[in-house]
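Worksheet for the structure shown next.
Number of protein chains: 4
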Amino acid sequence: MERRFRLVLSCPDRVGIVSMVSNFISSHGGSIADANQHSDPTSGYFFMRVEIKAETLPFSLDALREAFAPIANSFAMEWEIQDSNRPKRVVLMASRESHCLADLLYRYHSDELFCEIPCVISNHDKLRSMVEWHGIPYFHVPVDPQNKQAHFDQVEQLILQHDADLVVLARYMQILPAGMCEHFPHRIINIHHSFLPSFAGARPYHQAHERGVKLIGATCHYVTEDLDAGPIIDQDVTRISHRDHPEEMVRLGRDVEKQVLARGLRWHLEDRVLVHGNKTIVFA
Amino acid sequence: MERRFRLVLSCPDRVGIVSMVSNFISSHGGSIADANQHSDPTSGYFFMRVEIKAETLPFSLDALREAFAPIANSFAMEWEIQDSNRPKRVVLMASRESHCLADLLYRYHSDELFCEIPCVISNHDKLRSMVEWHGIPYFHVPVDPQNKQAHFDQVEQLILQHDADLVVLARYMQILPAGMCEHFPHRIINIHHSFLPSFAGARPYHQAHERGVKLIGATCHYVTEDLDAGPIIDQDVTRISHRDHPEEMVRLGRDVEKQVLARGLRWHLEDRVLVHGNKTIVFA
Amino acid sequence: MERRFRLVLSCPDRVGIVSMVSNFISSHGGSIADANQHSDPTSGYFFMRVEIKAETLPFSLDALREAFAPIANSFAMEWEIQDSNRPKRVVLMASRESHCLADLLYRYHSDELFCEIPCVISNHDKLRSMVEWHGIPYFHVPVDPQNKQAHFDQVEQLILQHDADLVVLARYMQILPAGMCEHFPHRIINIHHSFLPSFAGARPYHQAHERGVKLIGATCHYVTEDLDAGPIIDQDVTRISHRDHPEEMVRLGRDVEKQVLARGLRWHLEDRVLVHGNKTIVFA
Amino acid sequence: MERRFRLVLSCPDRVGIVSMVSNFISSHGGSIADANQHSDPTSGYFFMRVEIKAETLPFSLDALREAFAPIANSFAMEWEIQDSNRPKRVVLMASRESHCLADLLYRYHSDELFCEIPCVISNHDKLRSMVEWHGIPYFHVPVDPQNKQAHFDQVEQLILQHDADLVVLARYMQILPAGMCEHFPHRIINIHHSFLPSFAGARPYHQAHERGVKLIGATCHYVTEDLDAGPIIDQDVTRISHRDHPEEMVRLGRDVEKQVLARGLRWHLEDRVLVHGNKTIVFA
Numbered sequence: 009m010e011r012r013f014r015l016v017l018s019c020p021d022r023v024g025i026v027s028m029v030s031n032f033i034s035s036h037g038g039s040i041a042d043a044n045q046h047s048d049p050t051s052g053y054f055f056m057r058v059e060i061k062a063e064t065l066p067f068s069l070d071a072l073r074e075a076f077a078p079i080a081n082s083f084a085m086e087w088e089i090q091d092s093n094r095p096k097r098v099v100l101m102a103s104r105e106s107h108c109l110a111d112l113l114y115r116y117h118s119d120e121l122f123c124e125i126p127c128v129i130s131n132h133d134k135l136r137s138m139v140e141w142h143g144i145p146y147f148h149v150p151v152d153p154q155n156k157q158a159h160f161d162q163v164e165q166l167i168l169q170h171d172a173d174l175v176v177l178a179r180y181m182q183i184l185p186a187g188m189c190e191h192f193p194h195r196i197i198n199i200h201h202s203f204l205p206s207f208a209g210a211r212p213y214h215q216a217h218e219r220g221v222k223l224i225g226a227t228c229h230y231v232t233e234d235l236d237a238g239p240i241i242d243q244d245v246t247r248i249s250h251r252d253h254p255e256e257m258v259r260l261g262r263d264v265e266k267q268v269l270a271r272g273l274r275w276h277l278e279d280r281v282l283v284h285g286n287k288t289i290v291f292a
Numbered sequence: 009m010e011r012r013f014r015l016v017l018s019c020p021d022r023v024g025i026v027s028m029v030s031n032f033i034s035s036h037g038g039s040i041a042d043a044n045q046h047s048d049p050t051s052g053y054f055f056m057r058v059e060i061k062a063e064t065l066p067f068s069l070d071a072l073r074e075a076f077a078p079i080a081n082s083f084a085m086e087w088e089i090q091d092s093n094r095p096k097r098v099v100l101m102a103s104r105e106s107h108c109l110a111d112l113l114y115r116y117h118s119d120e121l122f123c124e125i126p127c128v129i130s131n132h133d134k135l136r137s138m139v140e141w142h143g144i145p146y147f148h149v150p151v152d153p154q155n156k157q158a159h160f161d162q163v164e165q166l167i168l169q170h171d172a173d174l175v176v177l178a179r180y181m182q183i184l185p186a187g188m189c190e191h192f193p194h195r196i197i198n199i200h201h202s203f204l205p206s207f208a209g210a211r212p213y214h215q216a217h218e219r220g221v222k223l224i225g226a227t228c229h230y231v232t233e234d235l236d237a238g239p240i241i242d243q244d245v246t247r248i249s250h251r252d253h254p255e256e257m258v259r260l261g262r263d264v265e266k267q268v269l270a271r272g273l274r275w276h277l278e279d280r281v282l283v284h285g286n287k288t289i290v291f292a
Numbered sequence: 009m010e011r012r013f014r015l016v017l018s019c020p021d022r023v024g025i026v027s028m029v030s031n032f033i034s035s036h037g038g039s040i041a042d043a044n045q046h047s048d049p050t051s052g053y054f055f056m057r058v059e060i061k062a063e064t065l066p067f068s069l070d071a072l073r074e075a076f077a078p079i080a081n082s083f084a085m086e087w088e089i090q091d092s093n094r095p096k097r098v099v100l101m102a103s104r105e106s107h108c109l110a111d112l113l114y115r116y117h118s119d120e121l122f123c124e125i126p127c128v129i130s131n132h133d134k135l136r137s138m139v140e141w142h143g144i145p146y147f148h149v150p151v152d153p154q155n156k157q158a159h160f161d162q163v164e165q166l167i168l169q170h171d172a173d174l175v176v177l178a179r180y181m182q183i184l185p186a187g188m189c190e191h192f193p194h195r196i197i198n199i200h201h202s203f204l205p206s207f208a209g210a211r212p213y214h215q216a217h218e219r220g221v222k223l224i225g226a227t228c229h230y231v232t233e234d235l236d237a238g239p240i241i242d243q244d245v246t247r248i249s250h251r252d253h254p255e256e257m258v259r260l261g262r263d264v265e266k267q268v269l270a271r272g273l274r275w276h277l278e279d280r281v282l283v284h285g286n287k288t289i290v291f292a
Numbered sequence: 009m010e011r012r013f014r015l016v017l018s019c020p021d022r023v024g025i026v027s028m029v030s031n032f033i034s035s036h037g038g039s040i041a042d043a044n045q046h047s048d049p050t051s052g053y054f055f056m057r058v059e060i061k062a063e064t065l066p067f068s069l070d071a072l073r074e075a076f077a078p079i080a081n082s083f084a085m086e087w088e089i090q091d092s093n094r095p096k097r098v099v100l101m102a103s104r105e106s107h108c109l110a111d112l113l114y115r116y117h118s119d120e121l122f123c124e125i126p127c128v129i130s131n132h133d134k135l136r137s138m139v140e141w142h143g144i145p146y147f148h149v150p151v152d153p154q155n156k157q158a159h160f161d162q163v164e165q166l167i168l169q170h171d172a173d174l175v176v177l178a179r180y181m182q183i184l185p186a187g188m189c190e191h192f193p194h195r196i197i198n199i200h201h202s203f204l205p206s207f208a209g210a211r212p213y214h215q216a217h218e219r220g221v222k223l224i225g226a227t228c229h230y231v232t233e234d235l236d237a238g239p240i241i242d243q244d245v246t247r248i249s250h251r252d253h254p255e256e257m258v259r260l261g262r263d264v265e266k267q268v269l270a271r272g273l274r275w276h277l278e279d280r281v282l283v284h285g286n287k288t289i290v291f292a
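One line per chain: the protein sequences are A, B, C and D, in this order. With our numbering as the guide, the letters of the first sequence map in order to residues 9 to 292. With our numbering as the guide, the letters of the second sequence map in order to residues 9 to 292. With our numbering as the guide, the letters of the third sequence map in order to residues 9 to 292. With our numbering as the guide, the letters of the fourth sequence map in order to residues 9 to 292.
The structure is reproduced here in C-alpha cells:
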C-alpha cells in the first residue's frame, strides 16, 4: 500500500479553508490522492479529510504536523495527521459469543484490516485457543459480580500496558463503568445487536421478537457513559419473518453484526470517522 | 385473473388440521393453487392460508362457507373464506402530503392493486384535483382543533356510508380517537415514517436526524388505540449519510413509505396478513 | 433553494488542481457549499465537482465562466459551470407502459425533480390524458414498422423545437437509430429493465425467468449506438423467488425501474454525473 | 434440535396430492412442524416439502420410506425422506483464497451449519494449518497443468473414499471435467463471484470494473457441465462506486460470496432446495 498522510480536521466554517489547505499541500508539491469535505449548515461546522501521497511531500510526519499547525491554529481547527503506514493498536474484548471476534481475527489474519492486535481480553476463558492460533496473547479476566470494579481496573491496566489506540467490544457483554468511558473518548467501539435507538439494553433480539418487527439490525457506535447512546458509526438490517423465533434471529443477526462492526472498525482505522457532538461524519 | 377462494384460518395447533382441510378440498375435487402454513411453538397456534381454484369446486362462496363451517368448529378455528374476484372497498385518507396517496392511486389506476376506492377523505382540500382525475369522489372534512370529535364523527360516517372493508391512512396526520380504532379492528392501515419502535410520534425524521442514525425507515401497521404501536405488517429502510439533513431525509423516506405501504396494502387485499396478538403472520 | 454555481471538470491528474480551483474561488470570496473529487489511477484522470454559493461571488454565470476559462485551459480541462436556478429542459418519451412516466411526472409535479418538461412524445396515444392533466403538451408520433425513420425524424424535430437539454426514455420501447444517438451524446437517458449486462435486448424479465435468477434489476444508462451498452448511471435489484412468474417479475421490477430512473435523472439534473469513456463518475 | 423427518417431493400436479400426503401423516399420528408447497403452472409440476416431528410417528426412517413408497408411486413422485438428525457429509474444496473456506469452517465449528466435514481438498498447501486447527484432515492434491486429469482422478477418489453427500467448491479455481459433474448431479455446489449470468468465467470483478456496473454480486449454484450455468440456489449483490477499483471490489465481494455460499449450503443441508430442469425451488 502506497504510504499516505491523512489529514483530518473540523472547524467553524468560513471562506478559504479548502484553499488554504490545498495551497499548503500543493505549495510543497504534495499530491492529493483522495479528499472529502462536508459543511453542516445546522452547526456551522466544516469537516475535511485529505489523503496526501507521502512520497510527494518533503516532510516527515512530525515535520508535516509542525508545518501545518499554524494554519490549523488560524482556523481554530481540531485536527490530526496520521500515517497510513503506522498500524493502530487495537485491543479486542469479548465474552462467550465468538462470531464477531472470529470475524475480526480472520480479517486481521488475511490483511483485510490494517492494524495490530496486541491482545484479546475476555471475562471467560472459552475463546483462548482460537485467539492463540492467530499468535495473539489472550487475557482471561473474570468478573466477580460482587466486585466488578476489580475486573475493570485490571482491564484498564491491560489496555494501557498494551498501548492501545482503540478498544473494540466484540460482543463483550459487560457495561463499562463511566470512568473507563471517559478515559478513552471515541476510542472504544461497541457493536450492539439491534437497530438503535430501538431495543437498547439487554436481549435486543427478544425485545424485537416481542414487538413483531420485520427487520432486525445491528449498530456500531462509540461508547459513552450513556448505555447504547453514543455516536453511531454504522448500522444495517436484515429481513426476518414470522417464522423466525429469537434463536433464528440471533443466527441471522450475527451476520449483520459482523459486517457492521468490521465496516465501522475499518473506517475508524482509516481515519474516516469524525465525531461532532453525538453524531459522526463518515467519509467512506 | 383466475377466480380463487381464499381460506384463511388460525386455531390451536394439533395433529390432523392440514389433513382435514386438504381432504375437505380434494374430496370435492378442489384444486389447490397455493398454500402456506405456520406453527408457532411459543403460542401453540397454527395458521394457514389456502387458495383453491374456484372453478374446481361445486360450491358458491356461501355454500363453501357453509360446508366448511363444521370442520372449522371442530378445530375451534378463527377463519374466513374470501372470493378473489370480489374487490375490497378501500377508503383512503390523506392530509397535505401527496406521495403515498398519489402512489396508491396510480397502482389502483394501473390495475396493480385489486380493490375499489369509493372515496378519498382529507382534512385539507389540496389533493382534490388529483383524486378526481381518477374518477374518485373527494370529501374535504376540515378539523377544528377545538373540536376534533366533530371531524372524526363525520369521517366515521363517510366510512360507513361507503361500506368500507378497509381504511388506509396514506399520511393522514391526525391521531384517531380510541373509539374509532375499536370500531374497525385490523381494518385501518397506517404508514408511519420511521422504523418503529424507534421514533414513534411526531416528526420522526427530525428525531432520526437528532439521533444520528445511518438508516431511515417506514412501517406499515394496523392502527390500534396505542399510537404507532399496532401489529406491524411491513417495514423497510434506506441508507442516509451525514450529508442528509431532515429535508433530504423526508425526500428519501418518501420512496420507502410508498413502497412499504403499497406492499402492506397489497398483502392485506390478498388476504395474506393474519393478526395474532400484536403480531402479524404474513404469507407473502 | 439557495442559488449555486456548479463547476464540474475533468482533466489529466497532476499536482495543484484543487489548489488552483479553490484559490480561484476563495480569492473572489466564494463560499464552497459542497465539493467532491476523484483521482482514477488507472486512467490518470482527475474529476471534480464544486458547488459555490452564487451570492458570495461577484460574477454573473457568464462572467464566472469567462474568469475561470484560463485556469481550465491551463489544465486542459473538460468543464462546465451550471446555474442551479436554471432548470434543465427534459423531453420525456414513452410507449404504452405508464409506470416510469407517471412516476417522473409525479416527482416533477411535487417539485422533487427540478426541471422543465416542455413535452412528452409517445408512439402511442394512450397516456395523453395523464400527461395533459399535468399541463404538459403530448405528441403522439406513431411508428410505421415499414418506415421507422419517418418517426425518428419527427421525434428529433420535436426535441430540437423544444430546446431539450436532455431526453429521457421512460420505457420508450423503440431502438433509436445510430444517428440520433450521436446527435445527443450523453443527453439521452434510458431505463433498461434488467441488471445489465445481463439480459440486454428484448423481454429481459422473460430471459431472467428462463435463467432462474434470484434477483431482478434495472439499469439507468446513457444511450449510445450500442444497444443497452452505454455508460451506466445507476442500477438496483429486488429479490424474487420460484413463485414469481414473469408477470410478477414485471410488477416487482416496475418499482425498481422507477426508483433507478428517478435517481439517475436527479443526479444528471444536479450535474452529478461525469462520463469518462464508457463509465460514469457519480458524485452522489 | 428436535428430530424431524423431511419429506421432499415433486410430481406432475393434480388434485389430491396434499390431501394424500397429509392423510398419510396424520393417520399415523404424525405432527407436521413445517410445510411448503409450490405449483408451477408453466411446467405443470408440483413441489412439496414437509417436516414431520419424528417422535410422533411410529416409524424408523426406513420403515417410513417403505410405508410412503406406494403413495409416491401412485403420483409418480421423485421423492426422498431425510432424517434431520443425520448430518450430511460435506467435502470442501479450496485453492489459495481463504475467505469462503474460513467462513464455512467457522460456521461449522460454531454449530451454525449442521454437517460433517470429513476432509478439505486443495490444489495448494496454503490453508492446511487453518483447516487442521478445526480437526479436519487436509489433502493437498496439486494440479499439473499438463495433466489435469490426474488431479481430478485423485480428487474424485478422495470424495468417494470420504463418502461425501456433497462437495462444496469454496473458491476452488479449477474447472471440473464434465465426467465429474455427471458423477455428482446436484451434489456439487459452487460459489461464483459475480451476479450470473453476467461475468461468467475468469476474473469477474475485472470484467465488472471494465463494464462500469454499480453493483457487484455473487452466485451460489449447482455445478453442471456448462461453466457457471447450473441451477442457481442463491444470489446477492453489494453497491460499489467509481472509487472502487478491482482490488476493492474483490474485498467487498468477499462478504457477499461468503454469505451467499453459506446461505445456499445451509438450505441444501436442510433439504430446502429442489431442482427442476435448470432452476431451483427454494423452500427457505
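Glycine included, C-beta positions come from ideal geometry on N, C-alpha and C. Since the model is a prediction, treat every value here as computed from it, not as a measurement.
Amino acids of chain A, ordered along the chain, whose beta-carbon sits closer than 7 Å to that of residue i
{"i": "B:G220", "result": "P239, I240, N286, K287 and T288"}
{"i": "D:A110", "result": "Y114"}
{"i": "B:R22", "result": "Going along chain A, no residue has its Cβ under 7 Å from B:R22, so there is no contact; the nearest lies around 20 Å."}
Partner residues on chain A for residue i, Cβ-Cβ distance less than 9 Å
{"i": "D:W141", "result": "S137, M138 and W141"}
Proximity test, Cβ basis, 7 Å: residue i and chain A
{"i": "B:V245", "result": "yes"}
{"i": "B:L273", "result": "no"}
{"i": "B:H295", "result": "Coverage of chain B is limited to positions 9 through 292, which leaves residue 295 of chain B absent and any answer about it impossible."}
Alpha-carbon to alpha-carbon, residue j and residue i
{"i": "B:D173", "j": "B:L135", "result": "23 Å"}
{"i": "C:Q215", "j": "D:A237", "result": "14 Å"}
{"i": "A:E88", "j": "A:A80", "result": "10 Å"}
{"i": "A:D42", "j": "A:L121", "result": "19 Å"}
Buried versus exposed call for residue i [16 or more other C-beta atoms within 10 Å across all chains shown]
{"i": "C:N44", "result": "buried"}
{"i": "B:M101", "result": "buried"}
{"i": "D:G52", "result": "exposed"}
{"i": "C:E255", "result": "exposed"}
{"i": "B:E278", "result": "buried"}
{"i": "D:G209", "result": "exposed"}
{"i": "A:L232", "result": "The question names Leu, but residue 232 of chain A in the sequence shown is Thr. Counting Cβ neighbours within 10 Å, A:T232 comes out buried, since at least 16 surround it."}
is_contact[residue i, chain D] using C-beta, thresh 7 Å
{"i": "C:L277", "result": "no"}
{"i": "C:L223", "result": "yes"}
{"i": "C:S39", "result": "no"}
Minimum Cβ-Cβ distance from residue i to chain C less than 7 Å
{"i": "A:Q267", "result": "no"}
Chain-ordered neighbours of residue i on chain C, where CB pairs are closer than 9 Å
{"i": "B:S106", "result": "Y114, H117 and S118"}
Cβ pair count under 8 Å reaching 3, the segment 31-44 of chain C against the segment 27-46 of chain A
yes
Do the segment 63-78 of chain C and the segment 53-64 of chain A touch if we need at least three Cβ pairs shorter than 8 Å?
no
For the segment 160-170 of chain D and the segment 110-119 of chain D, state whether three or more C-beta atom pairs, one from each stretch, are separated by less than 8 Å.
no
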